[in-house]
Structures are given as C-alpha cells and as structure tokens.
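Chemist: Provided herewith is a single structure, encoded as structure tokens, for subsequent inquiry.
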Amino acid sequence: MNSTKIPFLAAPAYSHTQAWVDALQKNLPDEQIVAFDSMSDEDKATCKVAIVANPDPAQLKQLPQLQWMHSVWAGVERLISDLADTELKIVRLIDPQLASTMAEAVLAWTLYLHRDMPAYARQQKQQLWQPREYLRPQQKTIGLLGLGALGEAAANSLLRAGFNVIGWSRNRKEFAGVECFAGTDGLPVMLAKTDILVCLLPLTPDTKGLVNAQTLQALPRGASLINFARGAIINDHDLHIALDSGHIGHAVLDVFETEPLPAIAWHWQHPSVTVLPHCSAPTDRETASLIVANNIRRYRSTGELPVTVDRVKGY
Numbered sequence: 008m009n010s011t012k013i014p015f016l017a018a019p020a021y022s023h024t025q026a027w028v029d030a031l032q033k034n035l036p037d038e039q040i041v042a043f044d045s046m047s048d049e050d051k052a053t054c055k056v057a058i059v060a061n062p063d064p065a066q067l068k069q070l071p072q073l074q075w076m077h078s079v080w081a082g083v084e085r086l087i088s089d090l091a092d093t094e095l096k097i098v099r100l101i102d103p104q105l106a107s108t109m110a111e112a113v114l115a116w117t118l119y120l121h122r123d124m125p126a127y128a129r130q131q132k133q134q135l136w137q138p139r140e141y142l143r144p145q146q147k148t149i150g151l152l153g154l155g156a157l158g159e160a161a162a163n164s165l166l167r168a169g170f171n172v173i174g175w176s177r178n179r180k181e182f183a184g185v186e187c188f189a190g191t192d193g194l195p196v197m198l199a200k201t202d203i204l205v206c207l208l209p210l211t212p213d214t215k216g217l218v219n220a221q222t223l224q225a226l227p228r229g230a231s232l233i234n235f236a237r238g239a240i241i242n243d244h245d246l247h248i249a250l251d252s253g254h255i256g257h258a259v260l261d262v263f264e265t266e267p268l269p270a271i272a273w274h275w276q277h278p279s280v281t282v283l284p285h286c287s288a289p290t291d292r293e294t295a296s297l298i299v300a301n302n303i304r305r306y307r308s309t310g311e312l313p314v315t316v317d318r319v320k321g322y
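Using my numbering, read the sequence shown as starting at 8 and increasing by one per residue.
See below:
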C-alpha cells in the first residue's frame, strides 16, 4: 500500500464524504483514501494528489506539496475561480455514464414539453377536458447549445426518438444526422430554427450570459427552453421578461446562480417555469470512482497526469 495518503475534500457540510471515501478505496486498494479531516499534519505535508468535490480552498492551502487534484464533478468553474492564484493542475470527471444520464434527462424533459405537459397541468387545475393538437417528433426541432460529450449523447437520444436535431458550438463540429452551426454568426441562425432549446454548455467567461435578451429574441415566439448546464449562462432578468411576454413559452430550469434556489425567487411561482433541484445528471459514484481510480493508478505507474483543465477555456 502506498504510504502517502490521498485525501477526499468536499464543500463544507457535504454529507457524502464517507461514501466517496469507501467507493474510492474499493477501487484503489493499494492506496490510502481518507477524509481530509482525518489527516495528520505529517500526512498533509507529504500529500501530492487529492480527490475533490468543490472543497474549501483554505483546506487545500494546508497541503503544501499538492501538485494536482481530481474532481469528481464534470463542472469545474468553481475550482477554477477558487484556485485562480495557484498553479495547481485540475482534472475534471469525464464519465460516459454521466453523458448517458444527461441524455436520458434531455429526452425526458423534451418529451414533457413536446407533449404539452405544462398545458395539461394547467387544464387539470381548471377541470378542463380538452385534448391538444398532436405534433409528431419529426415536426419539432430541438436545438442543442453545446456539442461536447453531453451534447453528442443527447443528440443521439433525441434522434432515436424521431426529433429533428440541430446544434451549436464555439468551433464547428460534425455529427451524423445533426445540422451543426458554429461561432457568433451561426448562433442566431440555429436559434431561428429551434422549437426547444437545450443548454448543455460549460460555464466559461465566453458562455456566461450567452442566453440573454438578444439570443432569446432570436428564438421563434413560443419556443421553450431547458437549462441543464449552469444558471449563469442565462441572464435571469432577460428570461423573466421573455416568459412574461410569452415569447418563451416555457422554461425547464435545473440550475440557478444561487443554489438551493431561495424561497423568494420568482421562478417558484411563475406559471411558465418548471423548477428542478439540480437533478438532471447526478454523478454516479460507482462509475466515477472507477474512472478516478484508473487515472490515479495510471499516474502512479507512468508519472503522467490525465488531461488537465484548460483554465482559459474553462474545461
């Protein structure tokens, strides 16, 4: 067993630390995986690698020899911000299971909007028995903001369901069956064709506020929105106005700038908003632990780090 302990560090009050320690230890039997709070000063002084879940930056400063850390989350914008004044290398989780889970959520909530579930819920409250006009999936165009691993998995799921799928990314990509757009000029063209917009972008300086009054106005009147990315990608004030005016027919929001969503937030009571508690694609502890374990095992064997986060790009 390696004599240098590998700590698991999480955000304050995080309740699943021991579960992660147990799962990681199972997949790394030759290492000593421990909760940060159980480390001695000697352990901290020799630690070179850590496994993290948006930890308290003050704890990381107690590890003077730390060279790199492996996040168990796919999103690393908070880590990048917290560690802006350091040279620490960050490895983010890239898990095919996460993409599969996200694709399932995208399909589920796209169908929710496609089959007019919000309207039927309103009709039930009014005791109104009135079937709504049915449209086939082939008559709906789903626009994906973001064509990375999550976007590709979501596109394939939507295509199998029969939807017309288009997508946008910063740099041009090509996927079978998907009309792809790229760059500043391609965005409004893609939006103009979109009935349901699904946001799967990472939060970066370039994507913060990308969905704003201008981009929302580029969508056809009555289009719907699903945000499974990060809350700050959407200008909250602009979305509120677009929903009130009816330009955006409905928004399914799983992420917000402040989480948990405060009780006073306007989203809770808005008739055209579905609020979800950041549940679209939870990390699978079993598959994630195995991926982290394999990356650390490879590092111990070869000395080479897994692919690290580009702090400029944000992922």
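Idealized CB from N, CA, C, for every residue including glycine. Only a predicted model underlies this, so the values are computations on that prediction, with no experimental measurement involved.
1. Reducing DSSP to helix, strand and coil, say where Phe15 ends up.
2. Which runs of the beta strand (DSSP E) at least 3 residues long sit entirely within the segment 42-119? Give them in chain order.
3. By Cβ distance, which residues of its chain are closer than 7 Å to Ala126, with the 5 residues on each side in sequence left out?
4. Please list, in chain order, all residues of the same chain as Met197 whose beta carbon is under 6 Å from its beta carbon, the five residues on each side excluded.
5. Could you give the DSSP three-state label for Gly323: helix, strand or coil?
6. Taking only three categories from DSSP, how would you classify Val280?
7. Using DSSP with H/G/I as helix, E/B as strand and the rest coil, what is Gly321?
8. Nearest to Gln221 by alpha carbon, out of Ile248, Lys320 and Glu181?
9. So, helix, strand or coil for His23, using DSSP?
10. With Pro71 and Ala52 assumed to form a contact (beta carbons below 8 Å), what rounded beta-carbon distance in angstroms separates them?
11. Our contact map puts Ala156 next to Ile101 with C-beta atoms below 8 Å; I'd like the distance itself, whole angstroms only.
12. Along the alpha helix (DSSP H) that carries Leu208, what are the first and last residues, could you check?
13. What does the alpha-carbon distance come out to for the pair Ala112 and Gly184?
14. With DSSP run on the structure shown, which of helix, strand or coil describes Val7?
15. Of the residues Cys286, Cys54, Pro62 and Ile255, which one's Cα is nearest the Cα of Arg228?
Modeler: According to the data block:
1. Secondary structure at Phe15: strand, using DSSP grouped into helix, strand and coil.
2. List check, beta strand (DSSP E) in window: 56-60, 75-78 and 96-98.
3. Arg139
4. Gly150, Ile173, Trp175 and Phe188
5. The chain is shown from 8 up to 322; residue 323 falls before or after that span and cannot be answered.
6. Val280: strand per DSSP, three-state reduction.
7. coil
8. Gln221 has its Cα closest to that of Ile248, out of Ile248, Lys320 and Glu181.
9. coil
10. 6 Å
11. 7 Å
12. No alpha helix (DSSP H) contains Leu208, which DSSP labels as neither H nor E.
13. 20 Å
14. This structure leaves residue 7 out entirely; the chain is present only between 8 and 322.
15. Ile255
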